[in-house]
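Using our numbering, the first residue of the sequence shown is number 4, and each one after it goes up by one.
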Amino acid sequence: MHSDQQWWRDAVTYQVYLRSFRDGDGDGIGDIAGIRERLPYLAELGVDALWINPWYPSPMADAGYDVSDYRDIEPLFGTLDEARALIDEAHELGLRVVLDIVPNHSSDQHAWFQAAVAAAPGSPERARYMFRKGRGDDQSEPPNDWLSVFGGPAWEQLPAAADGTPGEWYLHIFAPEQPDFDWTNPEVRAEFESILRFWFDIGVDGFRIDVAHGLVKDPALPDLGEQHEGILQHADGRNHPHWDLDGVHEIYRGWRAVADDYDPPRAFVAEAWVDSAERLVRYLRPDELHTAFNFEYLSAPWRAAQIREVVDSTLATSTLAGAPATWVLSNHDVVRHVSRYAREQGTEPAHALASFVGKPADLELGTRRARAAALLMLALPGGAYIYQGEELGLWEVEDLPVDLLEDPVWERSGRTDRGRDGCRVPLPWVADSPGLGFAGEPDASATPWLPQPGGWRALAADVQAGDFGSMLELYRAALRHRRELFTGNGEFAWLDSPTEIIAFTRGDAACLVNFDGTPTALPPGFELVLASEALTADAQLPTDAAAWLVRSS
Ligand code: BGC
Numbered sequence: 004m005h006s007d008q009q010w011w012r013d014a015v016t017y018q019v020y021l022r023s024f025r026d027g028d029g030d031g032i033g034d035i036a037g038i039r040e041r042l043p044y045l046a047e048l049g050v051d052a053l054w055i056n057p058w059y060p061s062p063m064a065d066a067g068y069d070v071s072d073y074r075d076i077e078p079l080f081g082t083l084d085e086a087r088a089l090i091d092e093a094h095e096l097g098l099r100v101v102l103d104i105v106p107n108h109s110s111d112q113h114a115w116f117q118a119a120v121a122a123a124p125g126s127p128e129r130a131r132y133m134f135r136k137g138r139g140d141d142q143s144e145p146p147n148d149w150l151s152v153f154g155g156p157a158w159e160q161l162p163a164a165a166d167g168t169p170g171e172w173y174l175h176i177f178a179p180e181q182p183d184f185d186w187t188n189p190e191v192r193a194e195f196e197s198i199l200r201f202w203f204d205i206g207v208d209g210f211r212i213d214v215a216h217g218l219v220k221d222p223a224l225p226d227l228g229e230q231h232e233g234i235l236q237h238a239d240g241r242n243h244p245h246w247d248l249d250g251v252h253e254i255y256r257g258w259r260a261v262a263d264d265y266d267p268p269r270a271f272v273a274e275a276w277v278d279s280a281e282r283l284v285r286y287l288r289p290d291e292l293h294t295a296f297n298f299e300y301l302s303a304p305w306r307a308a309q310i311r312e313v314v315d316s317t318l319a320t321s322t323l324a325g326a327p328a329t330w331v332l333s334n335h336d337v338v339r340h341v342s343r344y345a346r347e348q349g350t351e352p353a354h355a356l357a358s359f360v361g362k363p364a365d366l367e368l369g370t371r372r373a374r375a376a377a378l379l380m381l382a383l384p385g386g387a388y389i390y391q392g393e394e395l396g397l398w399e400v401e402d403l404p405v406d407l408l409e410d411p412v413w414e415r416s417g418r419t420d421r422g423r424d425g426c427r428v429p430l431p432w433v434a435d436s437p438g439l440g441f442a443g444e445p446d447a448s449a450t451p452w453l454p455q456p457g458g459w460r461a462l463a464a465d466v467q468a469g470d471f472g473s474m475l476e477l478y479r480a481a482l483r484h485r486r487e488l489f490t491g492n493g494e495f496a497w498l499d500s501p502t503e504i505i506a507f508t509r510g511d512a513a514c515l516v517n518f519d520g521t522p523t524a525l526p527p528g529f530e531l532v533l534a535s536e537a538l539t540a541d542a543q544l545p546t547d548a549a550a551w552l553v554r555s556s
């Protein structure tokens, strides 16, 4: 184990998607009271930390990623006092708390943006955001051709002034309700460092940085000249004018200094969708961020060759930076991995619904592979992320009624892409309760904000607890054994194995995953500790299964 100061080096962090985790006040929407109730569940599961998606006041144009006040709590979710209590209670159970900070953009209802709209062009209020004149004689064309990640143009025009002067346009890389800050403005920098301190002072252990690769834009705002569409997809090439510009690094050096001012130092994890492991590692230099999500791993198909390649490149580059690797299979923006692995596996990376929709899915197969994937991920060196519900084996809900969809992607794609609501459906806690036990007092029968599929009844946490063949018990056992077998410095080494078998050791422990169509023998000199499926009658590891082993003494 690492010292307390370096807990993030091999922590398993559980992602709490707040509005869908647990409803503590009976309004159908998850909240802080719900998390507090379920802290013992998380402690028993065996994770080290929670990352909570944005809980700040928000008009919810993008499920809380449109923040109107960075120093308070959204009333739907609770109060600042409840947040303080949650942090203290989590700490008492040995769980760290990581929040989500959204620095690329605010809500259009944020006091700064409201002041900017009310102020004149060229004013200090407008200088906190990216306002520009439109193109064309009447300025009716956006300043450039950039597109919003959610579809449509990335610019919105303010109404004309009373004297008829055309309104300025403002940049929004995401929804129009999410205006981008201008990070060349020192006031913006100072404000965010002060927001970090506000939460660090309350005891928060770290932050996940939303769109960490997007803050800096090419000042010339050049036309992109190519279309880029779909969620969080970035264009290739180093000349992209708003993704992964080198200027972001100086911002994070400032943030690192703030985090290092605390005892113990606070930690960051970057959400940075960049072109390569080499680009990602730049965020992880010793005076920058501590860790970053490994989206190459998340997006890899369930194939030995692709997974081996990502593991190799991740370990090589993170070693160079002296930063720990991280591993993740799902989050609130991508198709749940049970459903990804339920499809015929291609050779290209994929994570968005558009890549999977309409393709036949075998959920039993997806679940079997997800069990193996859990053991593989949790054996690799570094930190790991569990997205709420993956420990229950939840799949993507691909047939939500369209009138219930809330993701802005649905409308902005012209109702062609259902977006990300299918991975955000409220958790099933109790099989024999209304709403599968999502809501508590005062109205335990409150309708969850998105309907759960009937098939999730069999996956409710109360049904799985104590059933040693269940996904929940597999995660619990894995997290328990991980502490002895796979945390700390156990040196990683590939074991000689056929192409379709992934096998490696970490010190005296080993992990074996069978991607081949036929069962495979366990390596000699090892004893079985845990397997994702029962071994065959002659003690072989079946297809799409993983095993943890320890060297026989
Ligand atoms: C978050 C998304 C969000 C977007 C805009 C991200 O990458 O994870 O859920 O829509 O940033 O804030």
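Ideal Cβ positions, reconstructed from N, Cα and C, are used throughout, including at glycine. Please read these numbers as outputs of a predicted model, since none were measured by experiment.
- Assignment of P189 by DSSP, reduced to helix, strand and coil, places it in the helix class.
- Rounded to the nearest angstrom, the gap between the Cα atoms of I505 and A513 is 11 Å.
- Following the DSSP letters along the chain, one finds R211 inside the beta strand (DSSP E) bounded by residues 209-212.
- Between the C-alpha atoms of A193 and E128 there is a straight-line separation of about 15 Å.
- By the neighbour-count criterion, in which 16 or more other beta carbons inside 10 Å mark a residue as buried, Q8 falls on the exposed side.
- Secondary structure within the region 149-198: the beta strand (DSSP E) runs of 3 or more consecutive residues, fully enclosed, are 158-160, 172-174 (chain order).
- When C-beta atoms of the region 243-259 are compared with those of the region 209-220, three or more pairs fall below 8 Å, so the two segments count as touching.
- Per the C-alpha coordinates, the member of G472, E347, L318, E394 positioned closest to A496 is L318.
- Here Y265 carries a coil assignment [DSSP, helix/strand/coil].
- Listed in chain order, the alpha helix (DSSP H) elements of length 4 or more contained wholly in the region 64-125 are 83-95, 114-121.
- At least one heavy atom of ligand 1 lies closer than 7 Å to the C-beta of E274.
- Listed in chain order, the non-local C-beta contacts of E394 below 7 Å within the same chain comprise L48, M474, L475, Y478, local neighbours out to five positions each way being set aside.
- Judged by DSSP in its simplified three-state form, V15 adopts strand.
- Under the DSSP assignment, G37 falls in the alpha helix (DSSP H) whose first and last residues are 35-48.
- Taking each of D266, A275, D264, P268 in turn and checking the Cα distance to H252, the smallest one comes out for A275.
- For F177, the Cβ falls inside the 7 Å cut-off from some heavy atom of ligand 1.
- The continuous alpha helix (DSSP H) containing R311 extends over residues 307-324.
- Taking non-hydrogen atoms of ligand 1 into account, the C-beta of V214 is found less than 7 Å away from one of them.
- Assignment of Y59 by DSSP, reduced to helix, strand and coil, places it in the coil class.
- Take T320, set aside five residues on each side of it, and the residues of its chain with a beta-carbon closer than 8 Å to its own are A280, E281, L283, V284, in chain order.
- Annotation for Y390 indicates a beta carbon at 7 Å or more from all heavy atoms of ligand 1.
- Counting of Cβ neighbours within 10 angstroms places R483 among the exposed residues, the total staying below 16.
- In the DSSP assignment, W497 falls within the beta strand (DSSP E) that extends over 495-497.
- Annotated three-state conformation of I205 is helix, per DSSP.
- Ranked by Cα distance from D13, the options Y286, V331, E503, D91 are led by V331.
- As DSSP reads the structure, F134 sits in a beta bridge with Y173.
- The closest heavy atom of ligand 1 lies 7 Å or more from the beta carbon of H252.
- Apart from sequence neighbours up to five positions away, the residues of its chain that approach L403 with a beta-carbon distance below 8 Å are R421, D424, G425, V428, L453, P454, ordered along the chain.
- In this structure, the alpha-carbon of P145 lies about 9 Å from that of R135.
- In this structure, the alpha-carbon of D446 lies about 4 Å from that of G29.
- Residue nearest to G81 within the set M63, G33, F153 is G33 (criterion: CA-CA distance).
- For G392 and L462, the gap between their C-alpha atoms comes out near 9 Å.
- In terms of CA proximity to G325, H293 leads the group H293, H216, L498, A355.
- When secondary structure is reduced to three states using DSSP, R509 falls in the strand class.
- Look at Q543 here: in three-state DSSP terms it is strand.
- Non-local C-beta neighbours of F298 in its own chain, meaning closer than 8 Å and more than five positions away in sequence, comprise W276, V331, H354, ordered along the chain.
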